[in-house]
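Student: Its first residue numbered 4, the sequence shown is counted upward by one per residue in our numbering.
By construction, the Cβ of each residue, glycine as well, lies at the ideal position given by its N, Cα and C atoms.
Only a predicted model underlies this, so the values are computations on that prediction, with no experimental measurement involved.
If you scroll down you'll find the structure; I have some questions about it.
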Amino acid sequence: MSLEDSVKTLANNSLNFQPETKAFRKEAKVFQQDTKTFQQDGRARFVNTGNQITQLATMVRKLEGKGKLLAQPDYSNLSAISLQSEQLVARRDIVGLDVCGRLITAQALIHQGSLSTKGSEAMVLLEGLS
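See below:
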């Protein structure tokens, strides 16, 4: 192949390569814009979630101030509770309710390691929780 043929081939290859380069640049620009939009949407959602949490906290404070939050059930007249699992839990074993309204029992606290099982020490901790 002569030098002239090599230069012609190189020129043709360069011309053929230019549209591919332009297409790639266009795709890169679209990708960059999509990424920017995604980041802006993410930030907006994050701010929106923060605002909703603030509104919820404000509502809870207002309800608390009016004394309209749900009260804890009175266990004083209760001898036992039958759970959905058909387990019977004695009143003396009930410590209270968690934030989801589920029973907290002394046995559950012992199992989780939140409560000592050493005799009177367990009773002192139970009295402090209720």
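Starting from G70, follow the alpha helix (DSSP H) in both directions and report where the run begins and ends.
Tutor: Along the sequence shown, one-based indexing puts residue 70 at 67. From DSSP, G70 is part of no alpha helix (DSSP H); its letter is neither H nor E.
Student: For L72 and L66, which I take to be in contact (beta-carbon distance under 8 Å), what is that distance rounded to the nearest angstrom?
Tutor: In the sequence shown, the residue the question calls residue 72 occupies position 69. In the sequence shown, the residue the question calls residue 66 occupies position 63. With a Cβ gap of about 5 Å, L72 and L66 count as contacting.
Student: Rounded to a whole number of angstroms, what is the C-alpha to C-alpha distance between K11 and T24?
Tutor: By one-based count along the sequence shown, residue 11 stands at place 8. By one-based count along the sequence shown, residue 24 stands at place 21. One C-alpha to the other measures close to 20 Å.
Student: Express the C-alpha separation of R28 and P22 in angstroms, rounding to a whole number.
Tutor: Within the sequence shown, residue 22 is the residue found at index 19, counting from 1. Within the sequence shown, residue 28 is the residue found at index 25, counting from 1. When rounded, the distance between both Cα atoms is 10 Å.
Student: Does M4 come out as helix, strand or coil in the three-state DSSP assignment?
Tutor: As a position in the sequence shown, residue 4 is number 1, starting the count at 1. Three-state DSSP puts M4 in coil, outside helix and strand.
Student: What does the alpha-carbon distance come out to for the pair T40 and G53?
Tutor: As a working mapping, residue 40 is identified with position 37 in the sequence shown. As a working mapping, residue 53 is identified with position 50 in the sequence shown. Those two C-alpha atoms are separated by around 20 Å.
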